[in-house]
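Quick notes on the structure that follows.
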Amino acid sequence: MEYRTKQIGWIMVLIGPVILIALLIIVNQIEDAKEAAMIPLLATTAMIIIVQLLFFSLETRVNNDTIQLSFGIGLIKKEISIENIESIEKVRNKFIYGWGIRRIPGAWMWNIAGYEAVELSLKDKNQKFRIGCKNSEELLSEIKKRM
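So that you can map any letter, position 11 of the sequence shown is 10 in numbering that gives the first Met the number 0, and since no number is skipped, the others follow by simple counting.
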């Protein structure tokens with residue numbers, strides 16, 4: 000049976016519309032700039048929509064063979080073999096590590112919200128990988144069951 004959890008990045012979901020509304024208000028206030036500002040406004044709108052589609056959530060799936068991670072609509076994804084895990088532990092990310100896909104001291108991190116994470120020590124590359132999650136105890140337990 001597959002374990003599946005999905006975490007929504009509410010900051011990402013809410014910040015895009017706020018930025019767009021602010022830009023529209025600014026453009027509307029400057030009478031001479033309305034026409035000149037349309038191309039940058041449309042480009043910014045398109046960029047915000049693309050980023051939101053790519054990073055609005057992080058889904059984690061664990062089956063008997065792999066851990067599968069995917070951001071947003073699923074274009075950005077990663078698969079980790081259960082056999083490749085040497086050890087696993089529950090960790091807490093520092094505030095300064097932020098969210099998204101990041102290189103942090105000693106590891107790669109995929110996180111969408113919050114500070115809870117599970118850190119995997121991988122055998123083949125001698126590296127660590129952190130998975131941000133809303134319930135690290137549950138994810139830790141599901142991965143350990145399959146190791």
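Where a beta carbon is used, it is the ideal one built from N, C-alpha and C, also for glycine. This structure is a prediction, so every number in the text was calculated from the model and none was measured.
Residue of the options minimising C-alpha distance to residue i
i      : options                         : result
Pro104 : Pro16, Ile95 and Val26          : Ile95
Thr44  : Glu82, Ala21 and Asn125         : Ala21
Ser135 : Arg91, Asn125, Lys127 and Gln67 : Arg91
Leu23  : Met11, Asn125 and Ile38         : Ile38
Arg129 : Leu68, Pro16, Lys144 and Gly15  : Leu68
Val17  : Asn27, Ile47, Glu1 and Leu41    : Ile47
Ala42  : Glu137, Ile75, Tyr114 and Leu19 : Leu19
Leu52  : Gly73, Ser86 and Ile142         : Gly73
Met0   : Glu85, Lys133 and Thr65         : Thr65
Glu85  : Asn125, Gln28 and Lys133        : Asn125
Beta-carbon proximity list for residue i, same chain, < 6 Å, skipping 5 on both sides
i      : result
Arg3   : Arg60
Arg145 : Asn63 and Ile81
Ile100 : Trp109
Spatial neighbours of residue i in its chain, beta-carbon cut-off 8 Å, leaving aside the 5 residues before and after
i     : result
Ser56 : Lys5, Gln6, Ile7, Gly8, Phe70, Gly71 and Ile111
Lys76 : Gln67, Leu68, Ser69 and Phe70
Spatial neighbours of residue i in its chain, beta-carbon cut-off 7 Å, leaving aside the 5 residues before and after
i     : result
Asn83 : Leu121, Lys122 and Asp123
Lys89 : Val117, Ser135, Glu136 and Leu139
Cβ-Cβ separation, residue j to residue i (assumed contact under 8 Å), whole Å
i      : j     : result
Leu119 : Ile79 : 7 Å
Residue j beta carbon less than 7 Å from that of residue i
i      : j      : result
Met11  : Phe54  : yes
Val50  : Leu40  : no
Ala116 : Gly97  : no
Ala106 : Lys127 : yes
Ile223 : Ile142 : The structure shown has nothing for residue 223, since the chain only spans 0 to 146.
Sequence ranges, beta strand (DSSP E) only - wholly within the segment 44-70, length at least 3 = 56-61 and 65-70
request  = Would you list, in sequence order, the uninterrupted alpha helix (DSSP H) runs of no fewer than 4 residues that lie entirely inside the segment 99-127?
outcome  = none
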